[in-house]
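Residue numbers (my numbering), protein chains in the order written: chain A, 307 to 396; chain B, 251 to 729.
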């Protein structure tokens with residue numbers, strides 16, 4: 307595992323100590339999961355959802371939702387009814 | 251006191267809800283320093299809620315939990331009341347909406363006594379991965395209470411609340427219930443709405459009760475179960491009255507004993523207690539049958555691929571934009587990276603990294619798809635077993651509560667603490683842990699009873715029969 311690549315993919319900065327620690331621990335865990343390769347799973351359907359349930363639809367009708375002020379109440383930074391983030395477009 | 255007892259006492263006028271709440275708040279202030287079971291104690295608001303409950307009672311209110319103080323794991327959203335997931339990233343998060351389970355408890359008249367500690371985002375087996383202190387085991391404070399619902403289990407065991415809610419993704423209700431000597435039920439996937447439960451691994455997460463008795467477990471399950479339009483994975487099936495089967499005979503009921511659960515690594519005192527429990531069930535008329543769940547040894551590997559993959563996706567929302575902590579950076583990417591670095595703890599970071607890796611291009615088939623295929627094999631093991639038996643009986647955990655700090659440096663050893671509970675989540679079936687004895691060190695041992703999908707009645711019935719013929723649940727920790 308290239309820990310710098312995965313750290314960027316995860317949008318998660320790691321310190322050098324963490325990188326070293328995790329690299330060791332994760333390679334042990336990955337090695338452990340390799341025991342799954344003992345099993346021949348050709349032709350076995352993967353299970354993504356455990357209940358025999360398909361798409362659940364509802365009528366396309368307007369319903370009550372959270373008022374914007376309430377929904378934005380936990381925002382670290384906002385302006386009016388918008389979340390405020392650092393400049394994206396140069 | 252149990253829910254049943256406190257309701258009886260309130261109805262008879264032997265105790266008022268105010269007295270009950272005050273007694274518990276006093277108990278909490280007496281032992282909380284040692285146990286750290288709570289993230290937030292609802293000392294002030296609870297007393298207001300209880301006055302309102304008393305008003306309703308005076309007017310003849312007959313709700314199931316009128317004035318009864320219950321603790322809720324701090325990853326279940328309570329409107330207007332801080333919900334942290336024991337994470338720095340949500341330290342000041344106040345949910346703008348109520349989870350379905352707590353809405354149902356509210357409608358039943360409960361008092362929210364506090365929000366309990368957990369492993370950050372429910373990731374862990376010892377409640378040592380909390381940003382707000384480590385919970386300790388009431389039976390021996392040098393030991394862990396289990397996890398991730400360790401705060402809820404410790405609070406119930408130590409009489410800091412009447413009952414509690416937990417959540418269970420790989421054993422997080424049953425394992426701490428076993429370690430703390432209380433009753434913990436993980437319902438069938440889809441039995442209880444997950445709306446407002448902060449998502450960890452959405453295909454495995456389920457909310458359930460942690461209680462002092464089996465009866466209380468059935469009472470709470472009655473309230474929280476059922477279809478919810480806000481959770482499209484909740485099952486649209488009728489909810490039976492789970493208390494109505496309690497007391498029925500278990501004569502002739504076939505209980506499967508999977509040989510894979512009695513192998514190397516099982517503590518001999520745990521094994522002894524569980525085997526005695528099986529004998530006891532036999533003497534009550536149950537018929538033990540040896541069965542095999544051949545893919546048991548692969549469950550932990552499957553789980554740690556699927557759960558971390560789902561977590562890496564679910565936790566992407568903690569980016570410093572919509573809620574929670576933000577650490578400023580030189581641009582948007584830098585802000586994301588720094589916010590998550592500062593806000594998340596080591597175990598959560600480890601799992602996000604592992605899950606992102608497992609889902610990344612080129613590795614997906616080898617890890618994620620392979621794990622989903624083995625999940626199918628594990629599910630089929632259960633299907634085959636349930637053709638022959640009505641329920642499956644195992645130890646809940648391979649050992650009793652371990653020492654604090656013992657496994658914190660070895661994540662794989664920590665993961666293996668869940669070896670007996672994980673396959674139940676993978677198969678989506680219900681499982682309960684009930685007290686079945688004590689080790690020579692006076693540590694509780696848990697018996698796990700597993701049922702068919704949506705057959706909580708069977709496991710509650712067996713649990714109740716066992717509980718009524720033993721006294722383990724009456725023992726209290728020496729605090």
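The C-beta atom is built at its ideal place from N, Cα and C for all residues, glycine as well. The structure presented is a predicted model; accordingly, all values stated were derived computationally and were not measured.
Minimum Cβ-Cβ distance from residue i to chain A less than 8 Å
i	result
residue 551 (chain B)	yes
residue 569 (chain B)	yes
residue 678 (chain B)	yes
residue 572 (chain B)	yes
residue 375 (chain B)	no
residue 424 (chain B)	no
residue 326 (chain B)	no
residue 582 (chain B)	yes
residue 220 (chain B)	Outside the modelled stretch of chain B, which goes from 251 to 729, sits residue 220 (chain B), for which no answer is possible.
residue 587 (chain B)	yes
residue 602 (chain B)	yes
residue 346 (chain B)	yes
Assigned secondary structure, residue i (DSSP; H/G/I helix, E/B strand, else coil)
i	result
residue 360 (chain B)	coil
residue 736 (chain B)	Summary: the structure shown does not reach residue 736 (chain B), with chain B confined to residues 251 through 729, and so no result is reported for it.
residue 475 (chain B)	strand
residue 319 (chain B)	strand
residue 693 (chain B)	coil
residue 388 (chain A)	strand
residue 390 (chain B)	strand
residue 730 (chain B)	Nothing can be reported for residue 730 (chain B): it is not among the residues displayed for chain B, which extend from 251 to 729.
residue 643 (chain B)	strand
residue 511 (chain B)	helix
residue 377 (chain B)	coil
residue 727 (chain B)	coil
residue 406 (chain B)	helix
residue 668 (chain B)	coil
residue 540 (chain B)	strand
residue 274 (chain B)	helix
residue 374 (chain A)	helix
residue 559 (chain B)	helix
residue 459 (chain B)	strand
residue 663 (chain B)	helix
residue 503 (chain B)	coil
residue 606 (chain B)	helix
Reference residue i, options the options, closest by Cα
i	options	result
residue 327 (chain B)	B:311, B:352, B:265	B:352
residue 349 (chain A)	B:626, B:512, B:460, B:718	B:626
residue 316 (chain A)	B:257, B:602, B:656	B:602
residue 509 (chain B)	B:525, B:543, B:676	B:543
residue 243 (chain B)	B:622, B:598, B:609, B:525	Outside the modelled stretch of chain B, which goes from 251 to 729, sits residue 243 (chain B), for which no answer is possible.
residue 256 (chain B)	B:729, B:697, B:466, B:550	B:466
residue 415 (chain B)	B:376, B:325, B:382	B:325
residue 319 (chain A)	B:584, B:506, B:471	B:584
residue 306 (chain B)	B:356, B:283, B:340	B:356
residue 406 (chain B)	B:571, B:616, B:278	B:278
residue 370 (chain B)	B:272, B:653, B:384, B:712	B:384
Assigned exposure category for residue i - 16 Cβ within 10 Å defines buried
i	result
residue 362 (chain A)	exposed
residue 479 (chain B)	exposed
residue 395 (chain A)	exposed
residue 631 (chain B)	buried
residue 636 (chain B)	buried
residue 647 (chain B)	buried
residue 431 (chain B)	buried
residue 515 (chain B)	exposed
residue 410 (chain B)	buried
residue 664 (chain B)	buried
residue 323 (chain A)	exposed
residue 328 (chain A)	buried
residue 276 (chain B)	exposed
residue 355 (chain A)	exposed
residue 685 (chain B)	buried
residue 560 (chain B)	buried
Contacts of residue i in chain E (Cβ-Cβ under 7 Å)
i	result
residue 626 (chain B)	Protein chains A and B are contained in the structure displayed, whereas chain E is not.
Residue i at chain B interface by Cβ criterion, 8 Å
i	result
residue 345 (chain A)	yes
residue 316 (chain A)	yes
residue 324 (chain A)	yes
residue 356 (chain A)	yes
residue 382 (chain A)	yes
residue 478 (chain A)	Chain A is shown from 307 up to 396; residue 478 (chain A) falls before or after that span and cannot be answered.
Open item on the list: With three or more beta-carbon pairs closer than 8 Å as the criterion, would you say the stretch 715-723 of chain B touches the stretch 656-673 of chain B?
Closed with: At 8 Å Cβ cutoff, the stretches do not touch.
Open item on the list: For the stretch 574-588 of chain B against the stretch 691-707 of chain B, do three or more pairs of beta-carbon atoms, one drawn from each stretch, fall closer than 8 Å, so that the two count as touching?
Closed with: no
TODO: Report yes or no: do three or more beta-carbon pairs, one from the stretch 720-729 of chain B and one from the stretch 421-439 of chain B, lie closer than 8 Å?
DONE: yes
- [ ] Indicate whether the contact test is met: 3 or more Cβ pairs, each with one atom in the stretch 372-383 of chain B and one in the stretch 593-608 of chain B, closer than 8 Å.
- [x] yes
Open item on the list: For the structure I just gave you, are there three or more beta carbon pairs, one from the stretch 453-463 of chain B and one from the stretch 418-425 of chain B, closer than 8 Å?
Closed with: In short, these stretches touch, since the Cβ pair count reaches three.
- [ ] Evaluate the contact criterion for the stretch 356-365 of chain B versus the stretch 283-292 of chain B: three or more CB pairs, one atom per stretch, below 8 Å.
- [x] yes
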